[in-house]
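**Student:** Residue numbers (the working numbering): 14 to 337.
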Amino acid sequence: MRANRHQPQPIGNAPVFQQLLNTAQLVAATRASVLILGESGSGKEVLARHIHNLSPVAHKPFVAVNCAALPENLVESELFGYKRGAFSHASQDRDGLIRSAEGGTLFLDEIGELPLTVQAKLLRFLESGEILPLGQDRAVNVNVRVLAATNCQLEKMVKDGRFRADLYYRLQVVPMEVMPLRERGGDIPLLAEHFIKQAAATHGLPTVSFDAEALAALKTYSWPGNIRELKNLCERLTILCAQRFEPLGVDNLPPEIRCGRVVPAASSVGILSLEEQEREMILQALDQAKGNKTHAAKLLGITRYTLLYRLKKHFPGSLETAGI
Ligand SMILES: Nc1ncnc2c1ncn2[C@@H]1O[C@H](COP(=O)(O)OP(=O)(O)OP(=O)(O)O)[C@@H](O)[C@H]1O
Ligand SMILES: [Mg+2]
Numbered sequence: 014m015r016a017n018r019h020q021p022q023p024i025g026n027a028p029v030f031q032q033l034l035n036t037a038q039l040v041a042a043t044r045a046s047v048l049i050l051g052e053s054g055s056g057k058e059v060l061a062r063h064i065h066n067l068s069p070v071a072h073k074p075f076v077a078v079n080c081a082a083l084p085e086n087l088v089e090s091e092l093f094g095y096k097r098g099a100f101s102h103a104s105q106d107r108d109g110l111i112r113s114a115e116g117g118t119l120f121l122d123e124i125g126e127l128p129l130t131v132q133a134k135l136l137r138f139l140e141s142g143e144i145l146p147l148g149q150d151r152a153v154n155v156n157v158r159v160l161a162a163t164n165c166q167l168e169k170m171v172k173d174g175r176f177r178a179d180l181y182y183r184l185q186v187v188p189m190e191v192m193p194l195r196e197r198g199g200d201i202p203l204l205a206e207h208f209i210k211q212a213a214a215t216h217g218l219p220t221v222s223f224d225a226e227a228l229a230a231l232k233t234y235s236w237p238g239n240i241r242e243l244k245n246l247c248e249r250l251t252i253l254c255a256q257r258f259e260p261l262g263v264d265n266l267p268p269e270i271r272c273g274r275v276v277p278a279a280s281s282v283g284i285l286s287l288e289e290q291e292r293e294m295i296l297q298a299l300d301q302a303k304g305n306k307t308h309a310a311k312l313l314g315i316t317r318y319t320l321l322y323r324l325k326k327h328f329p330g331s332l333e334t335a336g337i
């Protein structure tokens, strides 16, 4: 995936967000590895692209790789490439995703899902700037800056032996945390306006607006799906309510927002709540999509493969019984 230099700036006026953008500007001038932390949908990829776009290599490739979406048996060959004949289906040489980012930025999303064997190989690349494609005995020099992101508690994974400590420290030369949307509620009107304008332009529809009560409800809701959830809501309301001329009220909002249901914040109840929120979002999306996984994945803004992966993680054994 290439960088779009005309991509809009990440939106947000909250002081804590502005501080993050300042840090982005500082790290963009360097080649340091950055570990971006944050809940699902909070804008980790947006921040990574922003760092790339501000960097001296903005005109070079930005390659985003979702580590969770790569099947475990293919992840090494996809990242590092291979020589013809390295394994049974390797009918020709392939460069791999790391080399395709030559001169630019490699964004490793969901880095916590990388198998331990591949973690070791990635560390070697970060230390030496060299990769060894499968089936090749000569290492290749690659000039690529690495940004990584996760919504996992990597520190806990290190303690449990599921993530290499040396790679963890190597990646987080500069750690950056994107805060959940509920912690910058003041930005909600600005973001909502932006997404409504965007959806109206995409679908050729008039823009909708919110009355004061609806805006207050949006600000108090806990947004477990963060900015992605707000963006999807704005698009849905634009499509469904564009013909109304008066501002939208609370009655136009989905029940979970209307009823002021507050999903507990991860910080107040510990690590598990994040997983519970993700489980709940998946169940809600499946419910809304009447069990259609392709549609549910679309609602969640993830690929069908990632949804299947997450279903397997949260509901082990359920895929077979559900006939997937
Ligand atoms: N600051 C922002 N300004 C405008 N749009 C944003 C901002 N942050 C996120 N978005 C939008 O919200 C959606 C989710 O953002 P993004 O994909 O960067 O989140 P993420 O943290 O990488 O999510 P995941 O954990 O699921 O990978 C995208 O459509 C993105 O364009
Ligand atoms: Mg992402």
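The beta-carbon is built from N, C-alpha and C at its ideal position, and this holds for glycine as well.
Which class does T43 belong to by DSSP, given the choice of helix, strand or coil?
**Tutor:** coil
**Student:** Heavy atom of ligand 1 less than 8 Å from the Cβ of L204, yes or no?
**Tutor:** yes
**Student:** Reducing DSSP to helix, strand and coil, say where F258 ends up.
**Tutor:** coil
**Student:** So the candidates are N66, I252 and H72; which of them puts its Cα closest to the Cα of P23?
**Tutor:** N66
**Student:** Between L83, A133 and L147, which lies nearest to H102 when the distance is taken from Cα to Cα?
**Tutor:** L147
**Student:** In the DSSP assignment, what residue or residues form a beta bridge with Y95?
**Tutor:** According to DSSP, Y95 bridges with R107 and L147.
**Student:** How about the stretch 154-168 and the stretch 118-136: do they share at least three Cβ pairs that are nearer than 8 Å?
**Tutor:** yes
**Student:** Residues in its own chain within less than 7 Å of L167 by CB, not counting five upstream and five downstream?
**Tutor:** G125, F176 and Y181, listed in sequence order.
**Student:** Roughly how many whole angstroms lie between the Cα atoms of R241 and A99?
**Tutor:** When rounded, the separation of the alpha-carbon atoms in R241 and A99 is 40 Å.
**Student:** Are the CB atoms of V88 and I64 within a distance shorter than 9 Å?
**Tutor:** no
**Student:** Are V47 and L184 closer than 9 Å when you measure CB to CB?
**Tutor:** yes
**Student:** Tell me the DSSP secondary structure of R112 in three-state form.
**Tutor:** helix
**Student:** Which runs of the alpha helix (DSSP H), 4 residues or longer, sit entirely within the stretch 24-84?
**Tutor:** 28-41 and 57-67
**Student:** Taking P202 as part of the beta strand (DSSP E), name the residues at either end of that continuous run.
**Tutor:** Going by DSSP, P202 is part of no beta strand (DSSP E) but of the alpha helix (DSSP H) stretching over I201 to H216.
**Student:** May I ask which residues mark the beginning and end of the beta strand (DSSP E) holding F138?
**Tutor:** That residue, F138, is in no beta strand (DSSP E); its alpha helix (DSSP H) goes L129 to S141.
**Student:** I need the straight-line Cα distance from A81 to A298, nearest angstrom please.
**Tutor:** Cα to Cα, A81 sits roughly 19 Å from A298.
**Student:** Does the distance from the C-beta atom of S55 to that of M192 stay below 9 Å?
**Tutor:** yes
**Student:** Please classify R271: does DSSP put it in a helix, a strand, or coil?
**Tutor:** helix
**Student:** Under a three-way DSSP split, which group does D173 fall into?
**Tutor:** coil
**Student:** Verify whether the separation of the beta carbon atoms of L231 and I295 is less than 9 Å.
**Tutor:** Not in contact: L231 and I295 (Cβ atoms no closer than 9 Å).
**Student:** Ligand 1 heavy atoms versus the CB of N164: any closer than 8 Å?
**Tutor:** yes
**Student:** Would you say K96 touches ligand 2, meaning its beta carbon is less than 8 Å from a heavy atom?
**Tutor:** Distances from the CB of K96 to the heavy atoms of ligand 2 are all 8 Å or more.
**Student:** Nearest-angstrom Cα distance between A77 and E291?
**Tutor:** 22 Å
**Student:** Hey, out of A205, V70 and P28, whose CA is closest to C44's CA?
**Tutor:** The question names Cys, but residue 44 is Arg in the sequence shown. Here the closest residue by C-alpha is V70.
**Student:** Ligand 1 and I241: does any heavy atom of the ligand fall closer than 8 Å to the residue's C-beta?
**Tutor:** According to the sequence provided, residue 241 is Arg. The question's Ile does not apply to it. True, at least one ligand heavy atom lies under 8 Å from that Cβ.
**Student:** If you draw a straight line from the alpha carbon of F93 to that of Y322, how long is it in whole angstroms?
**Tutor:** 22 Å
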